[in-house]
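Peer 1: In our numbering, the protein residues as written are 34 to 476.
For every residue, glycine included, the Cβ atom is placed at its ideal position computed from N, Cα and C.
(1) I think residue 89 touches residue 70, with their Cβ atoms under 8 Å apart; what is that distance to the nearest whole Å?
(2) Could you compute how far the alpha carbon of residue 328 sits from the alpha carbon of residue 362?
(3) Would you report the Cα separation of residue 424 and residue 384, rounded to the nearest angstrom?
(4) Taking the C-alpha atoms as reference points, what is the distance between residue 283 and residue 265?
(5) Compute the Euclidean distance between the alpha carbons of residue 158 and residue 171, then round it to the nearest angstrom.
(6) Alpha carbon to alpha carbon, how far is residue 390 from residue 294? Give it in angstroms, no decimals.
(7) For residue 189, which residues in the same chain have their Cβ closer than 7 Å to its Cβ, ignoring the five residues on either side in sequence?
(8) Using CA coordinates, which residue listed in 297, 106 and 98 is at the minimum distance from residue 324?
(9) I need the straight-line Cα distance from residue 117 to residue 137, nearest angstrom please.
(10) Between the C-alpha atoms of residue 468 and residue 368, what's the straight-line distance to the nearest angstrom?
(11) What three-state label does DSSP hand residue 475 in the structure shown?
(12) Can you list the alpha helix (DSSP H) stretches of 4 or more residues lying completely in the stretch 77–114, in chain order?
(13) So, helix, strand or coil for residue 42, using DSSP?
(14) Inspect the beta-carbon positions of residue 301 and residue 288 and report whether they are closer than 8 Å.
(15) In its own chain, which residues sit with a C-beta less than 6 Å from the C-beta of residue 191, not counting the 5 before and 5 after it?
(16) Run the CB neighbour count on residue 129, radius 10 Å, all protein chains shown included, and call it buried at 16 or more, exposed below.
(17) Where residue 220 and residue 162 are concerned, what is the direct C-alpha to C-alpha distance, given to the nearest angstrom?
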């Protein structure tokens with residue numbers, strides 16, 4: 034342990050001063066120390082090869098002091114192994130560990146500076162070591178990734194691009210970067226991925242990293258309509274028939290709820306021409322529905338529902354949407370039929386379908402006497418109870434509506450006047466609808 038403490042305290046002096054004391058001519062320097070350099074290199078390497086790392090320390094330390102930095106890259110890659118081993122020894126104090134980590138990073142810096150053929154790999158490993166040993170070094174990590182990107186350009190490994198975007202996004206959330214910083218980083222990372230994908234269009238790592246970077250942009254909160262429209266409008270205008278681009282624009286604007294923008298309409302219209310599908314038709318439905326263009330919206334929604342590539346879950350969800358749209362168009366019969374078809378298509382939408390049925394019944398205006406006029410609210414509450422049972426996420430809204438609809442129940446004495454008792458069965462006939470429900474009164 035004593036040797037360890039002495040080692041880390043003197044390591045910086047040996048690394049920073051030692052090589053500068055020697056002439057730099059030749060691989061191992063000049064003069065009598067050059068022979069000692071080669072000898073110490075050989076000595077410590079034997080220990081490293083045998084796995085006896087701690088025994089290698091004395092000779093390695095002397096080699097660090099004697100040898101020029103260009104003598105042998107193994108001096109520094111082995112040094113990383115030696116330093117990590119020392120960090121794991123019992124009793125190493127936080128101060129000693131910090132010094133060893135500094136020395137470890139210096140090993141990488143020497144390799145990057147003096148061994149350019151291996152600089153990229155050394156820099157990537159340094160970034161990973163910073164993350165492992167200095168979790169709070171995000172600014173330094175970002176600077177080193179920037180250094181790597183400047184060095185490797187379009188050949189930067191995708192993992193580092195994602196890492197960069199993640200750090201920038203986190204800094205924005207912490208108030209350390211501006212929205213422009215995040216958007217600029219996104220544009221830069223995607224441009225590099227575009228160049229890589231052009232060379233390797235089937236590379237899954239590139240494809241997956243692009244999706245991950247988009248997620249980082251969205252999760253950062255910078256992906257506002259204003260920012261996304263500003264980013265994508267010139268790109269769309271330059272390449273309106275680029276299927277990948279228009280797909281991305283439609284997807285990201287949908288996620289950010291920018292469906293009323295002109296860019297969204299242009300992108301999804303282009304997308305529906307380039308690669309028509311249930312999803313593109315559904316996008317167009319959303320655009321026109323948001324503009325209250327119900328006929329066009331219904332046309333595209335029906336196209337989406339009829340598409341052969343639609344899943345059962347999507348069909349159920351979109352049939353509920355169709356029912357809501359019919360209800361807005363004052364066509365209660367078709368709205369009810371769509372809700373029932375949604376349940377047949379997918380059990381996952383039962384709650385939402387029942388909520389829609391409740392709204393349809395609550396909106397009925399029929400009957401001659403007070404009971405007939407109020408009875409539709411009994412049926413509406415029946416469906417709200419079924420919605421709660423089918424989907425707990427509907428419970429809060431269902432309970433709110435139940436409380437609202439109960440206000441329209443007849444008083445107990447009013448029901449008595451029609452010879453109706455609390456809890457008895459009652460058949461409601463209203464236009465094209467007919468349901469059997471339970472009498473409920475206000476006390």
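Peer 2: The short version:
(1) About 15 Å; that fails the 8 Å criterion.
(2) Between the C-alpha atoms of residue 328 and residue 362 there is a straight-line separation of about 9 Å.
(3) Looking at the two C-alpha atoms, the distance is approximately 5 Å.
(4) Approximately 10 Å, taken between the alpha carbons.
(5) Distance from the CA atom of residue 158 to the CA atom of residue 171, rounded to whole angstroms, is 15 Å.
(6) Approximately 32 Å between the Cα atoms of the pair.
(7) Answer for residue 189: 181, 182 and 225, listed in chain order.
(8) Per the Cα distances, 297.
(9) Approximately 8 Å between the Cα atoms of the pair.
(10) Each residue's CA atom was taken as its position, placing residue 468 and residue 368 some 16 Å apart.
(11) In the structure shown, the three-state DSSP call for residue 475 is strand.
(12) Complete alpha helix (DSSP H) runs here, min 4: 86–99.
(13) Per-residue confidence for residue 42 stands at a pLDDT of 40, beneath the threshold of 50, marking its modelled position as unreliable; no derived number is given.
(14) With contacts defined by Cβ atoms closer than 8 Å, residue 301 and residue 288 do not form a contacting pair.
(15) Here the set comprises 238, 239 and 242.
(16) The residue is buried, with at least 16 neighbouring Cβ atoms inside 10 Å.
(17) Each residue's alpha carbon lies about 27 Å from the other.
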